[in-house]
Each structure stands twice: as C-alpha cells, then as structure tokens.
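Heads up, my numbering is the position in the sequence shown plus 17, with the first residue counted as 1.
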Amino acid sequence: MDTTPITKCPCCNYRTGCLTCPVCFWTDDGQDDHDADVVRGGPNGDLSLAHARLNFAIYGASHERYRDTVRPPRIDEYP
Numbered sequence: 018m019d020t021t022p023i024t025k026c027p028c029c030n031y032r033t034g035c036l037t038c039p040v041c042f043w044t045d046d047g048q049d050d051h052d053a054d055v056v057r058g059g060p061n062g063d064l065s066l067a068h069a070r071l072n073f074a075i076y077g078a079s080h081e082r083y084r085d086t087v088r089p090p091r092i093d094e095y096p
C-alpha cells in the first residue's frame, strides 16, 4: 500500500496531486504562502497565488475564464 501523501494544491487546498489542479486550474509553479503576492508569470500568467485564491473563493476557479474547465473536488481530495 502506498503511504505517500498526495500533495495539496496551493490555491484551493484540495489534495489533487496534479501539476495543474482539476479543481481550480492553478498550475503549481512552486509558489507558496511566503511569496503568494508575487506575480511570477509562467503558466499562471498575470495571477499571483493570492489573487488566484481570491478568484477561487469567488468563481470556484483560479481565474474566471476557467469556470467551465474545473470540476468539483472528489471526497478523497478534501483537505
């Protein structure tokens, strides 16, 4: 049995273990709480992690344009 913990998404906190989270569509670029206000560019474009978290609270996705792309979390993905 694999006991490796599944990593949680830094944006929505669900344990999806994916590079691009299917629940919020944030792409994990290594950004975390210590630099959440920094806009890194890259796969998340002009979004900081803090802004993506706010968007997730409002739209259910890291950006409003991803609302039709994301899915609800599965029961095993809850933090």
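A virtual CB, placed ideally from N, CA and C, is assigned to each residue, including glycine.
Other residues of its chain near residue i: CB distance less than 8 angstroms, five sequence neighbours each side excluded
i	result
Arg82	none
From the options, residue whose alpha carbon lies closest to that of residue i
i	options	result
Asp93	Pro27, Gly34 and Cys28	Gly34
Asp49	Gly58, Leu36, Arg91 and Ser65	Ser65
Span separating the alpha-carbon of residue i from that of residue j
i	j	result
Asp45	Cys38	8 angstroms
Val55	Thr86	25 angstroms
Gly47	Asn61	11 angstroms
Leu71	His80	9 angstroms
Leu36	Ile23	12 angstroms
Check whether residue i and residue j have beta carbons under 8 angstroms apart
i	j	result
Ala74	Cys28	no
Phe42	Ala67	no
Val40	Arg84	no
Neighbourhood of residue i by C-beta, 7 angstroms cutoff - its chain only, sequence neighbours within 5 removed
i	result
Lys25	Tyr31, Arg32 and Pro96
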